[in-house]
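Colleague: Residue numbers (our numbering): 6 to 402.
C-beta atoms are modelled at their ideal positions from N, C-alpha and C, and glycine is treated no differently.
None of the values given here were measured: they were computed from a predicted structure.
Encoded as structure tokens, here's the structure I'll be asking about.
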């Protein structure tokens, strides 16, 4: 119905059929039933005059091609509760920005292809999407300059920001634990990235061809870096790798990274390990930095009494604590928690054992840090050090 301009649906409508208004090229307004849960296949496909639409809060599924080719559609609301955006649902529309609700768990291939998008707000905790050139926001000439992650996002899907050549900055929230393959591949304007503590793996080709990338922060939780992760990152000037054990990597991970000009910053107590590790040792400038504020994922359980020492009120809390300093000739065993409280502070002891049991001095001073001493206590050694950390509201010594 190419001359149809307006559609008014009464509250009595319970069901919408596929292709119901497909090709109504003059349609400008339509109201949807407030109880509608699914927008069917090709429901408004090719409605080239439709400029805006209000989707009901009850909607959970937008089916394949629902708004395909709505070339004037520049205003649409996606509400919390929506779970599925199907294949090509908004392909060929005129959206300049979009917010993906936290409840969305699936987005079909090319769902937003052909839109002049400049900004995206990504809120899903975890979500499956199309890949490669079928990723939902993929464009050979992407104009997206802003891609914002919500504070509860746990997974960055593979190919999510693939080929976003205008994207300059990405901030990942602390909640992120998993990164997908090629999720930032060919973001050729991206300048810096800091990976959150808790990420354990840097996947294949995630930053491949990010030529403008100048700095990257790798947290101590990362134990694996896979092939081509930084392949072609020729602009890298600084890598901050806070892992206490250098990751085992191949040359392809850092292929075309200028190891003469790029400075590799590593924990000062573990500098020698990086100077000996394959590929990492190829960096001409490896600088040791203090890691007093780097915390492991491990949690220490603490039981303490109220300040007035009454035994009626006890709490068990979990604190992230500093990584124990590396001491030559000794293995770190555990942190021992001494009695303390949040008001006065908490005292920790680091317990070590000698690698060679026959080597058992009463006091061992760490040459790299003379303030630190190991005092023998039976078969183990206690680290004595006057350092104070602030951890989740508590003073930890």
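Out of curiosity, what's the CA-to-CA distance linking residue 140 and residue 121?
Modeller: The count along the chain shown starts at 1 and reaches residue 140 at position 135. The count along the chain shown starts at 1 and reaches residue 121 at position 116. So the two alpha carbons sit approximately 15 angstroms from each other.
Colleague: Under 8 angstroms by Cβ, that's how I've got residue 67 and residue 94 pegged, so tell me the actual separation to the nearest angstrom.
Modeller: As a position in the chain shown, residue 67 is number 62, starting the count at 1. As a position in the chain shown, residue 94 is number 89, starting the count at 1. That belief holds up - the Cβ atoms of residue 67 and residue 94 are roughly 5 angstroms apart, short of 8 angstroms.
Colleague: Ends of the alpha helix (DSSP H) at residue 280?
Modeller: As a position in the chain shown, residue 280 is number 275, starting the count at 1. Segment 276-281, the alpha helix (DSSP H) holding residue 280.
Colleague: How many angstroms separate the CA atom of residue 98 from the CA atom of residue 81?
Modeller: Along the chain shown, read from residue 1 onward, the residue named residue 98 stands at position 93. Along the chain shown, read from residue 1 onward, the residue named residue 81 stands at position 76. The straight-line gap from Cα to Cα measures roughly 10 angstroms.
Colleague: Who does residue 80 pair with in a DSSP beta bridge?
Modeller: In the chain shown, residue 80 corresponds to position 75, counting from 1. In the DSSP output, where bridge partners are listed per residue, residue 80 has 57.
Colleague: What three-state label does DSSP hand residue 181 in the structure shown?
Modeller: In the chain shown, the residue the question calls residue 181 occupies position 176. Residue state, collapsed to three classes: coil.
Colleague: Taking its Cβ as the centre, do 16 or more other Cβ atoms sit within 10 Å of residue 202, making it buried, or is it exposed?
Modeller: Taking the chain shown and counting its residues from 1, one reaches residue 202 at position 197. The residue in question, residue 202, is buried, as its Cβ has 16 or more Cβ neighbours within 10 Å.
Colleague: What does DSSP give as the partner residues of residue 293 in its beta bridges?
Modeller: In the chain shown, residue 293 corresponds to position 288, counting from 1. Paired residue(s): 271.
Colleague: Hey, would you say residue 54 sits closer than 9 angstroms to residue 70, going by beta carbons?
Modeller: As a first step, residue 54 is located in the chain shown; it is residue number 49 there, counting from the start. As a first step, residue 70 is located in the chain shown; it is residue number 65 there, counting from the start. No, the Cβ-Cβ distance between residue 54 and residue 70 is not below 9 angstroms.
Colleague: If we define contact as Cβ-Cβ less than 9 angstroms, is residue 145 a contact residue for chain C?
Modeller: The structure shown contains no chain C, having only a single protein chain.
Colleague: Closest to residue 289 by C-alpha separation, out of 273, 274, 262, 272, would be which residue?
Modeller: In the chain shown, residue 289 corresponds to position 284, counting from 1. Ranking 273, 274, 262, 272 by Cα distance to residue 289 puts 262 first.
Colleague: Taking the alpha carbon of residue 73 as the point to measure from, which residue in 167, 117, 232, 125 has its own alpha carbon closest?
Modeller: By one-based count along the chain shown, residue 73 stands at place 68. Measuring from the Cα of residue 73, the nearest candidate turns out to be 117.
Colleague: With which residues is residue 245 paired in a DSSP beta bridge?
Modeller: Sequence index remark: in the chain shown, residue 245 carries index 240 (1-based). 222, 270, per the DSSP bridge assignment.
Colleague: How do the region 154-171 and the region 122-130 stand: do at least 3 beta-carbon pairs fall below 8 angstroms, yes or no?
Modeller: Flag = yes, the region 154-171 and the region 122-130 touch.
Colleague: With DSSP as the reference, label residue 111 as helix, strand or coil.
Modeller: In the chain shown, counting from the first residue as 1, residue 111 sits at position 106. Three-state DSSP puts residue 111 in a strand.
Colleague: Starting from the Cα of residue 266, find the closest Cα among 186, 114, 291, 16 and give me that residue.
Modeller: Along the chain shown, one-based indexing puts residue 266 at 261. The shortest C-alpha separation from residue 266 is found at 291.
Colleague: Note the first and the last residue of the continuous beta strand (DSSP E) segment covering residue 197.
Modeller: Position 192 of the chain shown, counting from 1, holds the residue named residue 197. Where residue 197 is concerned, the enclosing beta strand (DSSP E) stretches over 197-199.
Colleague: Measure the alpha-carbon distance for residue 77 versus residue 33 and round it to whole angstroms.
Modeller: The residue given as residue 77 occupies position 72 in the chain shown. The residue given as residue 33 occupies position 28 in the chain shown. Taking the straight line joining both Cα atoms gives about 10 angstroms.
Colleague: Buried or exposed: where does residue 3 fall if 16 or more other Cβ atoms within 10 Å of its Cβ makes it buried?
Modeller: This structure leaves residue 3 out entirely; the chain is present only between 6 and 402.
Colleague: Hey, out of 167, 237, 254, 243, whose CA is closest to residue 207's CA?
Modeller: If you number the chain shown from 1, residue 207 lands on position 202. Ranking the options by Cα distance to residue 207, first place goes to 254.
Colleague: Compute the beta-carbon to beta-carbon distance between residue 47 and residue 30, rounded to the nearest angstrom, for a pair I have assumed lies under 8 angstroms.
Modeller: Counting from one through the chain shown, the residue named residue 47 turns up at place 42. Counting from one through the chain shown, the residue named residue 30 turns up at place 25. That belief does not hold up - the Cβ atoms of residue 47 and residue 30 are roughly 14 angstroms apart, past 8 angstroms.
Colleague: Given residue 132, which residues of its chain have a CB within under 8 angstroms of its CB, disregarding the five upstream and five downstream residues?
Modeller: Against the chain shown, residue 132 aligns to sequence position 127. Result list for residue 132: 105, 109, 110, 111, 112, 160, 162, in chain order.
Colleague: Under three-state DSSP, which class holds residue 258?
Modeller: Taking the first residue of the chain shown as 1, we reach residue 258 at position 253. Reduced to three states, the DSSP call for residue 258 is helix.
Colleague: When you compare only the Cα positions, how much space is there between residue 287 and residue 264?
Modeller: Indexing the chain shown from 1 puts residue 287 at position 282. Indexing the chain shown from 1 puts residue 264 at position 259. Each residue's alpha carbon lies about 7 angstroms from the other.
Colleague: Which term fits residue 233, buried or exposed, when burial requires 16 or more other beta carbons within 10 angstroms of its beta carbon?
Modeller: Residue numbering aside, residue 233 sits at position 228 when the chain shown is read from its first letter. Residue 233 comes out buried.
Colleague: Where does residue 25 sit, in a helix, a strand or coil, going by DSSP?
Modeller: What you label residue 25 is simply residue 20 of the chain shown in a count that begins at 1. Of the three classes helix, strand and coil, the one that applies to residue 25 here is coil, per DSSP.
Colleague: Mapping the DSSP letters down to three states, classify residue 138 as helix, strand or coil.
Modeller: For the purposes of this step, residue 138 is taken as the residue at position 133 of the chain shown. It is helical.
Colleague: Please report how far the alpha carbon of residue 181 lies from the alpha carbon of residue 204, in whole angstroms.
Modeller: For the purposes of this step, residue 181 is identified with residue 176 of the chain shown, where counting begins at 1. For the purposes of this step, residue 204 is identified with residue 199 of the chain shown, where counting begins at 1. Spanning the two alpha carbons is a distance of roughly 7 angstroms.
Colleague: Since residue 248 and residue 268 are thought to touch, with beta carbons under 8 angstroms apart, how far apart are those beta carbons, to the nearest angstrom?
Modeller: Numbered from its first residue, the chain shown carries residue 248 at position 243. Numbered from its first residue, the chain shown carries residue 268 at position 263. That pair is no contact at about 16 angstroms.
Colleague: Exposed or buried, which one is residue 213 when buried takes at least 16 other CB atoms within 10 Å?
Modeller: As a first step, residue 213 is located in the chain shown; it is residue number 208 there, counting from the start. Burial call: buried.
Colleague: Could you give the distance in angstroms between the alpha-carbon of residue 258 and the alpha-carbon of residue 237?
Modeller: Sequence index remark: in the chain shown, residue 258 carries index 253 (1-based). Sequence index remark: in the chain shown, residue 237 carries index 232 (1-based). Going by the C-alpha atoms only, they are around 9 angstroms apart.
Colleague: With a threshold of 16 other CB atoms inside 10 Å of the CB of residue 146, please say whether the residue is buried or exposed.
Modeller: Here residue 146 is taken as the residue at index 141 of the chain shown, counted from 1. So residue 146 ends up on the exposed side.
Colleague: Let me confirm a value: residue 62 is counted as buried when at least 16 other C-beta atoms fall within 10 Å, else exposed. Which label applies?
Modeller: Along the chain shown, one-based indexing puts residue 62 at 57. It is exposed - the Cβ of residue 62 has fewer than 16 other Cβ atoms within 10 Å.
Colleague: Just checking my contact of residue 64 with residue 87 at CB under 8 angstroms: how many whole Å lie between their CB atoms?
Modeller: Residue mapping note: residue 64 aligns to position 59 of the chain shown, counting from 1. Residue mapping note: residue 87 aligns to position 82 of the chain shown, counting from 1. Indeed, because the Cβ distance is near 6 angstroms, the residues count as touching under 8 angstroms.
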